[in-house]
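Residue numbers (our numbering): 5 to 91. Quick reminder that beta carbons are idealized off the backbone N, C-alpha and C, glycines included. No experiment lies behind these values; they were computed from the predicted model shown.
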Amino acid sequence: MKKQTEKATPERKKKPFLRRKVCRFCTDKKLDIDYKNPRVLRYFITERGKIIPRRISGNCAKHQRQITVAVKRARNIAILPFTTAVH
Ligand SMILES: [Zn+2]
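Next up, the structure:
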């Protein structure tokens with residue numbers, strides 16, 4: 005259980021990536037974190053193949069963790085690249 009800390013911090017800064025106030029996996033129950041599904045995982049990696057940090061992706065800790073595991077797994081079976089070389 006997380007403690008609800010009241011912080012009035014209006015986030016007005018523009019983020020380079022998708023800025024979501026809530027975790028999209030908590031919002032959308034149908035959305036599955038599946039390492040075999042790169043279409044979902046791609047939302048959470050940069051074009052260089054790096055995992056987008058939670059501050060930016062807006063995922064909750066639980067789901068971010070699942071993303072991390074899924075991405076790593078996907079990399080191992082070559083669904084996602086470790087890095088994408090820019091040619
Ligand atoms: Zn979540």
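- In this model, Ile81 and Arg46 are separated by some 15 Å (Cα to Cα).
- Every alpha helix (DSSP H) of 4 residues or more that sits fully in the stretch 14 to 87 is shown, in chain order, as 28 to 31, 42 to 45, 58 to 61, 65 to 80.
- Counting every other CB atom within 10 Å of its CB across the protein chains shown gives Ala78 a total of 16 or more, marking it as buried.
- Taking the Cα positions, Val26 is about 6 Å away from Asn63.
- Its chain contains Arg52, Gly53, Lys54 as the residues whose beta carbon lies nearer than 8 Å to that of Thr87, once the 5 sequence neighbours on both sides are disregarded; these appear in chain order.
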